[in-house]
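Participant: Numbering (the UniProt record's numbering), first residue to last: 1 to 192. Even glycine gets a Cβ: it sits at the ideal position worked out from N, Cα and C.
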């Protein structure tokens, strides 16, 4: 908006302005609706300290498959699924880089392919141009038993000569992630 439009808008009588007219009763009704929704949500929240709540709060059971998980379809659930998908793609990309830049060794994978080895220093130099989360993605890939390396974690320069061995073939890793993505879409993936 330029200065002339602002002046014209300010000098226009309020009944002629082009804006949505909402009465006070509509605003009060909207506020009451939001307040009622909040009270209802708090009655179901086991951590709520809201006074006057007489409804029994749900009992938490550690054996419940939904224990510690967000409500299905909630924003938290959607963010978690997006994050899982993003991290899975990074792990797959890391495995692909190891596959393309590593050296085959004589050990054979479960599906008959040669295992691939690359040193951490070489991988670090290649992968840092893509992402700065090399070690975190390596740990995630090791958790899924896609690759293996010695030690708890790896540090730049100190562990440059540590070999990282890709234990599964790229098609096998891709198939595993495809299966997991389908489970995420259905909402039945357990994080292991």
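In chain order, which continuous runs of the alpha helix (DSSP H) of length 4 or greater are located wholly inside the region 97-168?
Facilitator: List check, alpha helix (DSSP H) in window: 120-127 and 134-143.
Participant: DSSP three-state label for residue 60, please.
Facilitator: Within the chain shown, numbered from 1, the residue matching residue 60 stands at position 60. In this structure, residue 60 counts as coil in the three-state DSSP scheme.
Participant: Between residue 108 and residue 114, what straight-line distance do the alpha-carbon atoms span, to the nearest angstrom?
Facilitator: Looking up residue 108 in the chain shown gives position 108. Looking up residue 114 in the chain shown gives position 114. The straight-line gap from Cα to Cα measures roughly 5 Å.
Participant: Mapping the DSSP letters down to three states, classify residue 31 as helix, strand or coil.
Facilitator: As a position in the chain shown, residue 31 is number 31, starting the count at 1. Helix at residue 31.
Participant: Are the Cβ atoms of residue 81 and residue 185 separated by less than 9 Å?
Facilitator: Against the chain shown, residue 81 aligns to sequence position 81. Against the chain shown, residue 185 aligns to sequence position 185. Going by C-beta atoms, residue 81 is nearer than 9 Å to residue 185.
Participant: Anyone know if the C-beta pair for residue 91 and residue 157 falls short of 9 Å?
Facilitator: Taking the chain shown and counting its residues from 1, one reaches residue 91 at position 91. Taking the chain shown and counting its residues from 1, one reaches residue 157 at position 157. For residue 91 and residue 157, no; Cβs fall outside 9 Å.
Participant: Which two residues bound the contiguous alpha helix (DSSP H) that contains residue 174?
Facilitator: Residue 174 sits at position 174 when you count from the first residue of the chain shown. Segment 170-186, the alpha helix (DSSP H) holding residue 174.
Participant: Have a look at residue 102 and residue 85 and give me their C-alpha separation to the nearest angstrom.
Facilitator: Your numbering for residue 102 matches position 102 in the chain shown. Your numbering for residue 85 matches position 85 in the chain shown. In a straight line, the C-alpha of residue 102 is about 25 Å away from that of residue 85.
Participant: Buried or exposed, going by whether 16 or more other CB atoms sit within 10 Å of the CB of residue 195?
Facilitator: Nothing in the structure corresponds to residue 195, since the chain is present only between 1 and 192.
Participant: By the three-class DSSP mapping on this structure, what secondary structure does residue 83 have?
Facilitator: As a position in the chain shown, residue 83 is number 83, starting the count at 1. Residue state, collapsed to three classes: helix.
Participant: Assign residue 3 to one of three DSSP states: helix, strand, or coil.
Facilitator: Residue 3 sits at position 3 when you count from the first residue of the chain shown. If DSSP states are grouped into helix, strand and coil, residue 3 belongs with the helices.
Participant: Whole angstroms are fine: how far does the CA of residue 178 sit from the CA of residue 32?
Facilitator: Start at 1 with the first residue of the chain shown, and residue 32 comes out as number 32. Start at 1 with the first residue of the chain shown, and residue 178 comes out as number 178. The straight-line gap from Cα to Cα measures roughly 46 Å.
Participant: In chain order, what residues of the same chain lie with their CB nearer than 8 Å to the CB of residue 5, ignoring the 5 residues before and after it?
Facilitator: Sequence index remark: in the chain shown, residue 5 carries index 5 (1-based). Within the same chain, residue 5 has no close Cβ partners at all.
Participant: Could you check the C-alpha separation between residue 129 and residue 147 for me, to the nearest Å?
Facilitator: Taking the first residue of the chain shown as position 1, residue 129 is located at position 129. Taking the first residue of the chain shown as position 1, residue 147 is located at position 147. The alpha-carbon atoms of residue 129 and residue 147 are separated by roughly 21 Å.
Participant: For a test of the three-state rule: what should DSSP assign to residue 69, helix, strand or coil?
Facilitator: As a first step, residue 69 must be located in the chain shown, where it is residue number 69. In this structure, residue 69 counts as coil in the three-state DSSP scheme.
Participant: So, under 8 Å CB-CB, residue 170 and residue 96 are touching, yes? Tell me the CB distance rounded to an integer number of Å.
Facilitator: The residue given as residue 170 occupies position 170 in the chain shown. The residue given as residue 96 occupies position 96 in the chain shown. Correct: roughly 6 Å between the Cβ atoms.
Participant: Kindly list the residues whose CB is nearer than 7 Å to the CB of residue 135, restricted to its own chain and excluding five residues on each side of it in sequence; keep chain order.
Facilitator: Your numbering for residue 135 matches position 135 in the chain shown. For residue 135, where only same-chain residues beyond five positions count, the Cβ hits under 7 Å are 153 and 154.
Participant: Quick one: grab the DSSP three-state call for residue 74.
Facilitator: As a working note, residue 74 is residue 74 in the chain shown. Three-state DSSP puts residue 74 in coil, outside helix and strand.
Participant: Measure how close the beta-carbons of residue 137 and residue 150 come, nearest whole angstrom, since I'm counting them as under 8 Å.
Facilitator: Within the chain shown, numbered from 1, the residue matching residue 137 stands at position 137. Within the chain shown, numbered from 1, the residue matching residue 150 stands at position 150. Actually they are not in contact, since the Cβ atoms of residue 137 and residue 150 sit about 18 Å apart, beyond 8 Å.
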